[in-house]
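*Asks:* Line order of the protein sequences matches chains A and B. Taking this note's numbering, the leading residue of the first sequence gets 335, the next gets one more, and so forth. Taking this note's numbering, the leading residue of the second sequence gets 18, the next gets one more, and so forth. Glycine included, each C-beta is placed from N, C-alpha and C at the ideal position.
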Amino acid sequence: MSSEPVGPKREAALSAAFVRLADTLVADYDVIEFLSGLVGDCVTLFAVDTAGVLLDDGSGAPRVVASSTEDTRLVELFEVQVAEGPCLDCLRSRAPVTVAELDDAYDRWPRFSPGALAAGFHAVHAVPLRLRNQTVGALNLFTATSGELPTADLHAAQALADVAAIGILQERAIRSQVTVTTQLQGALQSRIVIEQAKGVLADRGNLDMTEAFSSLRQHARRTNQRLSDLAASIAARTTSPEVVLGTPIRRDDETKR
Amino acid sequence: MDDLRGFETSLTSLVLDAGPEAPRRIVELCLERLPLTGAGITVMSAADHQQPLWASDAVAARIDELQFRLAEGPCVEAFTMRRSVIVADITDTHETRWPMFAAAARETPARAMVVLPLQAGSVRVGILDFYRDQPGVLDPAELAAAQRAADAAFWSLLGLRRGHVLDEHGAPTHGDSADPHGWLAGAPLEHAEVYQATGMIISQLDVSADTALARLRAHAFLHDRPIGEVAHEVVARRLRFSGQEDR
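#1: Indicate whether A/P575 and A/A472 have their beta-carbon atoms separated by less than 8 Å.
#2: Under a Cβ-count criterion, where at least 16 other Cβ atoms within 10 Å of its own Cβ denotes burial, should B/A226 be classed as buried or exposed?
#3: Candidates A/T479, A/I366, A/P339: which alpha carbon is nearest A/V433's?
#4: Could you work out which residues of chain A lie near B/S139, taking near to mean beta carbons separated by less than 7 Å?
#5: Quick check on the DSSP output: what are the complete beta strand (DSSP E) runs of length 3 or more inside the stretch 24-89 of chain B, in order along the chain?
#6: Does any residue of chain A bring its CB to less than 8 Å from the CB of B/G153?
#7: Indicate whether at least one CB of chain B lies closer than 8 Å to the CB of A/G449.
#8: Assuming A/V416 contacts A/V399 (C-beta within less than 8 Å), just tell me the rounded distance between them.
#9: Quick one: grab the DSSP three-state call for B/Q151.
#10: What residues of chain B sit near A/Q519, judged by a beta carbon separation below 8 Å?
#11: With DSSP as the reference, label A/G520 as helix, strand or coil.
#12: Just how far apart, CA to CA, sit A/A499 and B/A75?
#13: I need the straight-line Cα distance from A/P448 to B/M130, nearest angstrom please.
#14: For A/G520, tell me which candidate among B/A209, B/S139, B/G36, B/R79 has the shortest Cα-Cα distance.
#15: Could you work out which residues of chain B lie near A/G623, taking near to mean beta carbons separated by less than 7 Å?
#16: So, A/P414 versus A/R445, is the Cβ gap smaller than 8 Å?
#17: Let me know the alpha helix (DSSP H) ranges lying completely inside the stretch 354-403 of chain A, each 4 residues or longer, listed in chain order.
#18: Would you please state the rounded distance, in angstroms, between the beta carbons of B/I219 and A/G533? I believe it to be under 8 Å.
#19: Need the endpoints of the alpha helix (DSSP H) that A/T485 sits in, please.
#20: Here's the rule I'm using: 16 or more other beta-carbon atoms within 10 Å means buried, otherwise exposed. How should B/H249 be labelled?
#21: Hey, would you say B/A137 sits closer than 8 Å to A/I366, going by beta carbons?
#22: Identify, in the order they occur along the chain, each residue of the same chain with its Cβ nearer than 6 Å to the Cβ of B/E210, setting aside the five sequence neighbours on each side.
#23: Whole-angstrom Cβ separation of A/A457 and A/G481, contact assumed at under 8 Å?
#24: Using a Cβ-Cβ cut-off of 8 Å, state whether A/T573 counts as contacting chain B.
#25: Consult DSSP for A/Q559 and reduce its assignment to one of helix, strand or coil.
#26: Cβ of B/P157 less than 8 Å from any chain A Cβ?
#27: Using beta carbons (cut-off 8 Å, strictly below), is B/A214 in contact with chain A?
#28: Roughly how many angstroms separate the alpha carbons of A/A439 and A/A450, rounded to a whole number?
#29: When you compare only the Cα positions, how much space is there between B/A63 and A/C421?
#30: Does DSSP classify B/D146 as helix, strand or coil?
#31: Residues of chain A with a CB under 8 Å from the CB of B/A167: which are they?
#32: Tell me where the alpha helix (DSSP H) around B/R234 begins and ends.
#33: Closest to A/T378 by CA distance: which of A/T516, A/I528, A/T477 is it?
#34: Would you verify that the beta carbon of A/R538 is, or is not, closer than 8 Å to some beta carbon of chain B?
#35: Figure out for me which residue from B/T228, B/W172, B/Y148 has the closest Cα to the Cα of B/L48.
#36: Excluding the five sequence neighbours on either side, which residues of its own chain have a C-beta within less than 8 Å of the C-beta of A/L550, listed in chain order?
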């Protein structure tokens with residue numbers, strides 16, 4: 335179980351998270367890096383063990399764009415939600431979805447529930463990423479123990495999700511549906527390029543995907559590059575993986591599970 | 018577009034069964050089902066390196082030819098920026114993104130344009146551009162359908178471009194399932210492992226991302242296995258590409 339901060343400490347941590355996210359949005363930022371920070375904040379701040387952001391570019395099939403874990407088995411849990419799960423229900427209802435005990439949700443999600451239980455989760459929550467009257471995705475929160483998420487956490491999670499929606503739809507004035515769709519596609523394509531770069535680094539450095547992502551992220555920060563730009567450069571073989579792998583890998587990006 | 022799932026099923030069977038004809042058939046299906054007048058497919062490897070593959074009519078061909086000659090326009094932008102480009106009305110004087118192209122395009126019957134990059138991350142094979150003889154944009158469901166068609170065109174072109182024409186290996190056997198390989202309707206695009214495996218093959222063979230993805234796809238097709246399953250083997254390091262495995 336997680337050991338999230340409580341009381342005044344928690345207030346401070348939550349404020350710090352919002353300040354950091356707001357800071358990110360001012361500068362020229364990378365949407366995947368921004369969302370990776372946000373899902374990391376979720377597992378630190380709330381009584382949850384894994385968090386992920388899924389986006390729907392209008393196809394009705396949500397896809398993962400950021401996850402607090404790179405563990406393949408857990409990422410697959412997010413991916414299964416193309417067909418069913420709390421995220422898809424959240425997108426359709428445009429309202430938060432909470433299941434306090436997954437044992438009771440076999441009928442509701444015949445594929446997702448057994449998968450989530452097998453991965454060690456007993457409760458799942460999803461809050462919508464909203465922009466005006468539109469829902470563009472969902473923030474997923476999974477916990478190892480059964481039970482409702484405290485109301486204060488749910489409200490804070492919704493606030494984070496609202497910030498996430500703003501961050502994804504980068505343009506200051508979203509004028510039309512067309513712009514929203516292309517922004518969402520852009521975020522999803524960036525994620526694909528990052529997966530490709532992780533593969534290159536994993537193969538060359540004999541790393542698992544978590545380590546590969548950590549090394550990618552650390553190198554981007556150290557060299558002051560956007561995560562997606564560095565990833566594209568590695569996938570295009572313009573940046574040698576050895577340059578990125580040359581520095582020791584700290585697994586500080588790995589969250590609680 | 019009120020039956021997106023049915024449309025996806027049609028796309029899937031075209032990619033599986035139509036072989037080299039698949040890209041053209043996919044676009045023709047779009048022209049039947051969506052409020053669009055004509056379309057063209059251009060294979061591209063760089064913004065200034067392109068080859069028109071097919072156009073549904075002379076207007077579509079003219080639009081493609083114009084922008085590659087002028088080196089500007091929605092197709093060039095879609096490829097370079099890696100995202101869809103929508104033009105509601107090319108004759109709108111507020112349309113100042115591509116002045117030379119807009120001036121030339123006003124002489125054609127085309128009014129609205131929808132241009133979709135054929136891509137998956139850093140793997141780009143070209144662009145699919147539609148035009149309409151009336152101004153206006155597609156609604157979200159129509160745009161989603163066009164996007165699914167672009168995904169389908171991407172997978173069929175990826176196979177063709179590497180010379181792994183589907184028919185060469187014989188059409189894979191598939192029973193009642195509409196999409197036994199999970200190729201399509203965006204399905205492979207949902208699996209992170211397909212892209213992680215692509216990256217590993219880039220490293221193993223020292224090839225470009227598009228070649229790596231094409232090799233992964235060819236291997237799956239040759240062995241009649243879902244691409245996600247082959248990708249999993251690669252990521253789990255049970256399958257390594259050495260350049261020999263699918264020859």
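*Replies:* So, to answer that:
#1: Using a Cβ distance threshold of 8 Å, A/P575 and A/A472 do not count as a contacting pair.
#2: B/A226 is buried by the Cβ-count criterion.
#3: With distances taken between Cα atoms, A/V433 lies closest to A/T479.
#4: For a Cβ distance threshold of 7 Å, residue set V527, Q530, A566, A569, A570 of chain A lies close to B/S139, ordered along the chain.
#5: The DSSP assignment places 55-63, 66-72 as complete runs of the beta strand (DSSP E) inside the stretch 24-89 of chain B, in order along the chain (cut-off: 3 residues).
#6: At a cut-off of 8 Å between beta-carbon atoms, B/G153 makes no contact with chain A.
#7: No, its Cβ sits nowhere closer than 8 Å to a Cβ of chain B.
#8: Cβ-Cβ separation between A/V416 and A/V399: approximately 13 Å, too far for a contact (criterion under 8 Å).
#9: DSSP places B/Q151 in coil when its eight states are reduced to three.
#10: Chain B residues near A/Q519: R100, S101, Q164.
#11: In the structure shown, A/G520 falls within a helical segment according to DSSP collapsed to helix, strand and coil.
#12: Approximately 42 Å, taken between the alpha carbons.
#13: The straight-line gap from Cα to Cα measures roughly 45 Å.
#14: Taking each of B/A209, B/S139, B/G36, B/R79 in turn and checking the Cα distance to A/G520, the smallest one comes out for B/S139.
#15: Residue 623 of chain A lies beyond the stretch modelled for chain A, which goes from 335 to 591, so this question has no answer here.
#16: Here residue 414 of chain A is Val; the residue named in the question, Pro, does not match the sequence. Cβ atoms of A/V414 and A/R445: closer than 8 Å.
#17: Given a length threshold of 4 residues, each whole run of the alpha helix (DSSP H) inside the stretch 354-403 of chain A is given here in chain order: 365-379.
#18: Their Cβ separation, rounded to whole angstroms, is 7 Å, which keeps B/I219 and A/G533 in contact under 8 Å.
#19: Run containing A/T485: 485-502, per the alpha helix (DSSP H) assignment.
#20: So B/H249 counts as buried.
#21: One thing to note: B/A137 has its Cβ no nearer than 8 Å to the Cβ of A/I366.
#22: Correct list, in chain order: A248, H249, V252.
#23: Sure, about 6 Å apart at Cβ, within 8 Å.
#24: It does not; no Cβ of chain B falls within 8 Å.
#25: DSSP, read as helix, strand or coil, puts A/Q559 in coil.
#26: Yes, B/P157 lies at the interface with chain A (some Cβ there is under 8 Å from its Cβ).
#27: Closer than 8 Å to some Cβ of chain A, the Cβ of B/A214 qualifies, so yes.
#28: Each residue's alpha carbon lies about 11 Å from the other.
#29: The straight-line gap from Cα to Cα measures roughly 37 Å.
#30: Three-state result, B/D146: strand.
#31: At a beta-carbon threshold of 8 Å, none of the residues of chain A lie near B/A167; the nearest stands roughly 10 Å away.
#32: Looking at the DSSP string, the run of the alpha helix (DSSP H) that includes B/R234 is 226-239.
#33: Here the closest residue by C-alpha is A/T477.
#34: Chain B, which has a Cβ nearer than 8 Å to the Cβ of A/R538, makes this yes.
#35: It is B/Y148 whose Cα lies nearest to the Cα of B/L48.
#36: Within the same chain, A/L550 has close Cβ partners I528, A531, K532, L535, L561, L564, A565, I568, V578.
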